[in-house]
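S.K.: Heads up: take any position in the sequence shown, counting from 1, add 7, and you land on the working numbering. Beta carbons: idealized from backbone N, C-alpha and C, even for Gly. Every value quoted in this text rests on a predicted model; they were computed, and no experiment measured them.
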Amino acid sequence: MASSFSPDKYVDLVRFLTGPLLNAPEALSVDCETYSDQGKIWIRLACDSGDQERLVGYKGRTLQAIRRVVDIAAKLAGQKVQIEVYGAPRESPRSGAGSSPRSGGAPRRTPSRRPRRRD
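Quick look at the structure:
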């Protein structure tokens, strides 16, 4: 059964999820905009630069997990929620995967192994 949540509930959920990750949770600024005609809620986060790295996490995994939890709550309510962090680089799905700075960003190739001959 889908029921509409107020934007304050999403803000509280985001604060609950991000608070333990931050060195200075009181410095976290949460801005929320609601587009009622589209059923979409836009949440923007801003925090200290040192905390941004902790919030985003390794290759954006921490931020992806926070987005998933909030997205599940929004889907249950029949809404869409978008979370964005101010000042954080946008993570791409393939950021850093299989690339090497020495090879100019080309994917690494593992050397092929030949089967050993048994005599």
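1) Give the single residue among 48, 20 and 93 whose Cα lies nearest to the Cα of residue 87.
2) So, is residue 50 buried or exposed, given that buried needs 16 or more other C-beta atoms within 10 angstroms?
3) Confirm, please, whether the CB-CB distance from residue 28 to residue 62 is below 8 Å.
4) Count the other CB atoms within 10 Å of the CB of residue 25; is the residue buried (16 or more) or exposed (fewer)?
5) With respect to the alpha helix (DSSP H) encompassing residue 66, which residues constitute its N-terminal and C-terminal limits?
6) Just tell me which of 83, 75 and 85 has its CA closest to the CA of residue 91.
M.R.: By the coordinates alone:
1) 48
2) buried
3) yes
4) buried
5) Element bounds for residue 66: n/a, residue is neither H nor E.
6) 75
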